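Participant:
Number of protein chains: 2
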Amino acid sequence: MRRVFNFSAGPAALPQAVLEKAQAEMLDWHDAGMSVMEMSHRGKEFMSIAAQAEADLREIMAIPDNYKVLFLQGGASSQFAMVPLNLLRGASSGKNGSADYYRTGSWSKKAIAEAKRYCDVNIVADTEIDGKFTSLPDEGSVKFNPDAAYVHYTPNETIEGVEFAYVPDTGDVPLVADMSSTILSRQIDVSKFAVIYAGAQKNIGPAGLTIVIVREDLMGEVKDGTPAMFDWAIHAKNNSLYNTPATYGWYLAGLVFAWLKEKGGLVEMGKINQRKAAKLYAAIDTSSFYANPVAVNSRSWMNVPFILANADLDAAFLEGAKAANLMTLKGHRSVGGMRASIYNAMPEAGVDALIAFMAEFEKGNS
Amino acid sequence: MRRVFNFSAGPAALPQAVLEKAQAEMLDWHDAGMSVMEMSHRGKEFMSIAAQAEADLREIMAIPDNYKVLFLQGGASSQFAMVPLNLLRGASSGKNGSADYYRTGSWSKKAIAEAKRYCDVNIVADTEIDGKFTSLPDEGSVKFNPDAAYVHYTPNETIEGVEFAYVPDTGDVPLVADMSSTILSRQIDVSKFAVIYAGAQKNIGPAGLTIVIVREDLMGEVKDGTPAMFDWAIHAKNNSLYNTPATYGWYLAGLVFAWLKEKGGLVEMGKINQRKAAKLYAAIDTSSFYANPVAVNSRSWMNVPFILANADLDAAFLEGAKAANLMTLKGHRSVGGMRASIYNAMPEAGVDALIAFMAEFEKGNS
Chain P
1 MRRVFNFSAG PAALPQAVLE KAQAEMLDWH DAGMSVMEMS HRGKEFMSIA
51 AQAEADLREI MAIPDNYKVL FLQGGASSQF AMVPLNLLRG ASSGKNGSAD
101 YYRTGSWSKK AIAEAKRYCD VNIVADTEID GKFTSLPDEG SVKFNPDAAY
151 VHYTPNETIE GVEFAYVPDT GDVPLVADMS STILSRQIDV SKFAVIYAGA
201 QKNIGPAGLT IVIVREDLMG EVKDGTPAMF DWAIHAKNNS LYNTPATYGW
251 YLAGLVFAWL KEKGGLVEMG KINQRKAAKL YAAIDTSSFY ANPVAVNSRS
301 WMNVPFILAN ADLDAAFLEG AKAANLMTLK GHRSVGGMRA SIYNAMPEAG
351 VDALIAFMAE FEKGNS
Chain F
367 MRRVFNFSAG PAALPQAVLE KAQAEMLDWH DAGMSVMEMS HRGKEFMSIA
417 AQAEADLREI MAIPDNYKVL FLQGGASSQF AMVPLNLLRG ASSGKNGSAD
467 YYRTGSWSKK AIAEAKRYCD VNIVADTEID GKFTSLPDEG SVKFNPDAAY
517 VHYTPNETIE GVEFAYVPDT GDVPLVADMS STILSRQIDV SKFAVIYAGA
567 QKNIGPAGLT IVIVREDLMG EVKDGTPAMF DWAIHAKNNS LYNTPATYGW
617 YLAGLVFAWL KEKGGLVEMG KINQRKAAKL YAAIDTSSFY ANPVAVNSRS
667 WMNVPFILAN ADLDAAFLEG AKAANLMTLK GHRSVGGMRA SIYNAMPEAG
717 VDALIAFMAE FEKGNS
């Protein structure tokens, strides 16, 4: 069996121990005589898997009791619509609500485009300069509209590799966060948020599962014409079993949560992630061969883009990396160069191997 | 390793050969050094898996070139809204369209409830009698509204076990079918349909994947305010990669399609399914201990509900079945009794074992 270090931005590497457990249980889960993917979602076996996964997630994120945890389908792209459809109170009476959005990279741009179908979008911060997003507003520098239905931001921009080192204080206005590429990377205070959502395929599990953590009092009133499947309250009332959920993804997420607990939880994981990122940024910064364009106080722990001083060497770099079992390092076409995504499942040894290869490649090509 | 005969209505049994292949490839797909669930959906490995799955599905269903095949998330429950949102042309101009719906069981009732959010629903046939659905209209007996945006029906009602033995002729009005529990059970003429959709978790693969087969000319105009994720045309234009799809489900569906080809395709599968269903219905009909309430010409090949003459024996029946490794036979609460779902992955030996157990239980309890 071959295993590489996979730096994909998502779908991304999963912990090998999780894959091994899933493999062992593939045809027969706990002597049930069937695979988890063959189980009725209303049977006691799957219900126990689902409940355990939620309990473990609540434990590791310390999610307060007044929040519901939903296990949905459709990715962050569906939440881009579900957020305004569920939070624009009063919009159903014909009054068009408004919401505040940070515009800090490719994913917040997509969230904004979708929200504009449903409400007035007020851009409270736009960090685009010359077509690039490489910094974030200083803490406390942004003014919010007190009448906004909510404030939306993207704590970590997967493509640009910019990440908020703080949680914006929006006062009484509900704060909504697309945490797809940063959830579970460190301990956060969930009570600061009204809604947290995340596609699973980076730090949670396989693609096709989406976690939504939503404060209970914010649910129950949707815009007219909202599909039932886009109504958080319907899913909450049915414990995410309103329709058949992505059962196998839910199970795998549960295995990942158990693995995280075993690893010491999010405090420990945060230390590891900080260390992994710090050493990779240090390797980039101490070289004139590689460069990271992001302001130091806005650098992502999860997605580290870097460019080669000589872009003509990009193809050779990727070829050499592949030969060293370092895969999926090509940067997003909108940014160019390389991108190393180093989510929880990327072992420190993978970061070390990348740093070693970068040094070697620099030596051979300077 | 233990394997049972699993009669779940969905998520349902998968072919053991498919699970074994998935198990073998779990940590390392074709020497890629990673699991399919770890692959970027835009990388060449996953793109090849996705393309092969679509090609195989097109081949086994003989899907004409003027149909798009979409691999989406969200289940049939999402399509209940997407069908009207995508097919009600003119509705965006303020004019409320209308659509014809068959009302033949629990799932068509759900489709109707959701469609009513978006249009006038004209019920062209309602087969409910005394709270039960046990028959279907005769072929040619239903009158359609020539101005309807479309006609919707549920070829197989999973809960009640009623199945159309014919395809309604709706003339020029587009015919839409929720085939969740009958797709791939036999060969059909796709050109008779405007849209076919199906949740994967019965005859295709794991829950969380939804197949939509839609005639190209019907896409491109959605009702105002439709979320991007609910617009078939956006998914079609992006080859179902507008957002990150349920990659692992797509891969498993591909393994199922390859397995179906190996088994001789849908003509052969149809013969096997007809035989499996016929022998189970025969066992029920020749006994006064068991009964199936459905009209003979409307019986499902896939979901066979049956009741015990003495409902007091239900618990003992289920207990005994479990001891004989025959699982998930409890009927839906709205119908009562038992239900054996015998999709493609249920081997004929499983049906034989069920029939043998039923005879033995009858003998011991008469």
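Order-wise, the sequence lines are chains P and F. Residues 1 to 366 in my numbering are what the first sequence spells out, letter by letter. Residues 367 to 732 in my numbering are what the second sequence spells out, letter by letter. Beta carbons are placed, not taken as given, at the ideal position from N, Cα and C, and that holds for glycine. The structure presented is a predicted model; accordingly, all values stated were derived computationally and were not measured.
(1) Would you mind telling me which residues of chain P sit closer than 8 angstroms to F/VAL370, beta carbon to beta carbon, in chain order?
(2) My assumption, with CB atoms under 8 angstroms, is that P/ASN273 sits in contact with P/SER185. Please give the rounded CB distance.
(3) According to a CB-to-CB cut-off of less than 7 angstroms, which residues of the region 187 to 207 of chain P neighbour chain F?
(4) So, F/MET595 versus P/SER240, is the Cβ gap smaller than 8 angstroms?
(5) Are the Cβ atoms of P/GLY225 and F/TYR484 separated by less than 8 angstroms?
(6) Taking only beta carbons into account, state which residues of the region 384 to 395 of chain F come closer than 8 angstroms to chain A, listed in chain order.
(7) Can you give me the C-alpha to C-alpha distance between F/VAL384 and F/GLY586, rounded to a whole angstrom?
(8) For F/MET367, count the other beta carbons within 10 Å of its own beta carbon; 16 or more makes it buried, fewer makes it exposed. Which is it?
(9) Please compile the residues from chain F whose C-beta is within a distance smaller than 9 angstroms of the C-beta of P/ASN66.
(10) In whole angstroms, what is the alpha-carbon distance linking F/ILE650 and P/SER35?
(11) Taking three-plus beta-carbon pairs below 8 angstroms as touching, is the region 106 to 123 of chain P in contact with the region 210 to 218 of chain P?
(12) For the candidate residues F/PRO377, F/PHE373, F/VAL370, whose alpha-carbon lies nearest to that of P/ASN243?
(13) Is F/GLU714 helix, strand or coil when you go by DSSP?
(14) In chain P, which residues lie with their C-beta within 7 angstroms of the C-beta of F/LEU380?
(15) Quick one: give me the first and last residue of the beta strand (DSSP E) that F/GLU565 is part of.
(16) Measuring only between beta-carbons, confirm whether F/PHE683 sits less than 8 angstroms from chain P.
(17) Under the rule that 16 or more other beta-carbon atoms within 10 Å means buried, what is P/ASP56, buried or exposed?
(18) In chain P, what lies closer than 8 angstroms to F/TYR484 by C-beta?
(19) Could you tell me the alpha carbon to alpha carbon distance between P/GLY270 and P/LEU260, rounded to whole angstroms?
(20) Taking F/ALA566 as the reference, which of F/PHE559, F/LEU575, F/ALA560, F/LYS558 has the closest Cα?
(21) Cα separation between P/PHE164 and P/ASP65?
(22) Report the three-state DSSP secondary structure of P/GLN21 (helix, strand or coil).
(23) Which class does F/SER707 belong to by DSSP, given the choice of helix, strand or coil?
(24) How close, in whole Å, do the beta carbons of P/PHE361 and P/PHE317 come, if the pair is a contact with beta carbons under 8 angstroms?
(25) Use the C-beta contact count for F/PRO512: other C-beta atoms within 10 angstroms, 16 or more gives buried, fewer gives exposed.
(26) With contact counted as at least three CB pairs below 8 angstroms, one residue from each stretch, are the region 350 to 358 of chain P and the region 14 to 34 of chain P in contact?
(27) With 16 other CB atoms within 10 Å as the buried threshold, where does F/SER406 fall?
(28) Pop quiz: F/ASN488 and F/ALA514 are said to be a contact at Cβ under 8 angstroms. What is the actual Cβ separation, rounded to whole angstroms?
(29) At a Cβ cut of 9 angstroms, what residues of the region 697 to 723 of chain F count as close to chain P, listed as they run along the chain?
Facilitator: If we stick to the structure as given:
(1) ALA32, GLY33, MET34
(2) That belief holds up - the Cβ atoms of P/ASN273 and P/SER185 are roughly 5 angstroms apart, short of 8 angstroms.
(3) GLY199, GLN201, PRO206, ALA207
(4) no
(5) yes
(6) No chain A is present in this structure, whose protein chains are P and F.
(7) 36 angstroms
(8) Within 10 angstroms of the beta-carbon of F/MET367 lie fewer than 16 other beta-carbons, which makes it exposed.
(9) Per Cβ cutoff of 9 angstroms: no residues; P/ASN66 is ~27 angstroms from chain F at best.
(10) 29 angstroms
(11) No, because fewer than three Cβ pairs between the region 106 to 123 of chain P and the region 210 to 218 of chain P fall closer than 8 angstroms, the two stretches do not touch.
(12) Ranking F/PRO377, F/PHE373, F/VAL370 by Cα distance to P/ASN243 puts F/PRO377 first.
(13) helix
(14) SER35, MET37, GLU38
(15) The amino acid occupying residue 565 of chain F in the given sequence is Gly; Glu does not appear at that position. Taken as a continuous stretch (DSSP letters only), the beta strand (DSSP E) holding F/GLY565 covers 561 to 565.
(16) Output row for F/PHE683: interface = no.
(17) buried
(18) GLY225, listed in chain order.
(19) 11 angstroms
(20) F/LEU575
(21) 26 angstroms
(22) First, the amino acid is wrong: residue 21 of chain P is Lys here, not Gln. It is helical.
(23) Looking at F/SER707 - three-state DSSP - the assignment turns out to be strand.
(24) 6 angstroms
(25) exposed
(26) no
(27) The residue is buried, with at least 16 neighbouring Cβ atoms inside 10 Å.
(28) 7 angstroms
(29) ALA711
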